[in-house]
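*Asks:*
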Amino acid sequence: MLEEKDKKDRSGIQVIARAAAILRVLKEERGGLSLGQIATRVDLPRSTVQRITGALSAERFIIQDPKGGGIRLGPELGAFAEAANFNIVERCRAILNEVTQATGETTDLAVLRNGSMIFLDQVPGLHRLRTVSSVGEVFPLSTTANGRACLALMTDDEALRLIEQETARALSVRDRQATLRKLAEIRETGLAYDIDEHTPGISAAGFAFRDLSGNYHAISVPVPTLRFAAVRPQLDAALRDARDRVQSEFPLDP
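In terms of the numbering used here, the sequence shown opens at residue 4 and continues consecutively.
#1: Under a Cβ-count criterion, where at least 16 other Cβ atoms within 10 Å of its own Cβ denotes burial, should residue 257 be classed as buried or exposed?
#2: Using only the alpha-carbon positions, how far apart do residue 65 and residue 75 sit?
#3: Put residue 228 into one of helix, strand or coil per three-state DSSP.
#4: With a Cβ-Cβ cutoff of 7 Å, do residue 154 and residue 162 count as a contact?
#5: Within its chain, find whatever has a CB closer than 6 Å to the CB of residue 77; leave out the 5 residues flanking it on each side and keep chain order.
#6: Quick one: Cα of residue 37 to Cα of residue 55, how far?
#7: Whose C-beta lies closer than 6 Å to the C-beta of residue 115 among residues of the same chain, with five residues either side of it excluded?
#8: From residue 15 to residue 59, what distance separates their C-alpha atoms?
#9: Is the separation between the beta-carbon of residue 189 and that of residue 181 shorter than 7 Å?
#10: With a threshold of 8 Å, are at least 3 pairs of Cβ atoms found where one atom belongs to the segment 105-120 and the other to the segment 234-251?
#11: Could you give the C-beta distance for residue 205 and residue 228, rounded to a whole number, given that I count them as a contact under 8 Å?
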């Protein structure tokens, strides 16, 4: 009896793992995939994929693309994502406030979505001259402190792929080497910087983390460049304290 129950438990875990694998490949293909394409990507029999996608479809986790593009992620997952984003904002708000109080500068929270950084929350700085970005605003990965911090949490291959996707060109050997050196430095220090590279007159420092669902987030502090060098030691100390706080909430990659 116990042996039979154990087999059922293991079978259930296997189904969940397979369903998760299917959802992950669909996440990478927003236009949708056919059953055969999914089966190839996850290395499972087509009949198994059909059975699992049928169950996922019944729960609205996946849907058939109305334009004939195949199977894609469904609205129920979007609802989960919105709930997760709200939870992240709620849990990080106090940390953003602490960074702003410690530095006097604006502090931002962003999430990596579809190859870009999207702002989720912001605590305005205390100076008259300060940086302001709207919640929902989209920023690039390769030229921003928050984007670079997220790239540094990935493998080199994954980070280079996203950078090339963003720039719409293949990186030269020299550019690849320079990028890999920069990512290695961010991993070593835990902080990423943007010195006048994304927006002239604005520099920033930040760090990234992954939530319990594996999503990439970043907390960053943008500062008018004219005072960035003077306040950088303060920024670094406040962001490292914030990183320690976040580490107690979410798992961070080393």
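The beta carbon of each residue, even a glycine, is placed where N, CA and C say it ideally should be.
*Replies:* Looking at the coordinates:
#1: Because the pLDDT of residue 257 is 41, which lies under 50, any placement of that residue in the model is unreliable, and the number read from its coordinates should be weighed accordingly. When all chains shown are included, residue 257 counts as exposed.
#2: One C-alpha to the other measures close to 6 Å.
#3: Three-state DSSP puts residue 228 in a helix.
#4: For residue 154 and residue 162, yes; Cβs fall inside 7 Å.
#5: Closer than 6 Å at Cβ, skipping near neighbours: 63, 64, 65, 66.
#6: Annotation: residue 37 to residue 55 spans about 14 Å, alpha carbon to alpha carbon.
#7: Residues of the same chain with a CB within less than 6 Å of the CB of residue 115, apart from the 5 flanking positions on each side, are 153, 219 in chain order.
#8: Looking at the two C-alpha atoms, the distance is approximately 14 Å.
#9: Going by beta carbons, residue 189 and residue 181 fall outside the 7 Å limit.
#10: They touch, by the three-pair rule.
#11: With a contact defined as Cβ atoms closer than 8 Å, residue 205 and residue 228 qualify at about 6 Å.
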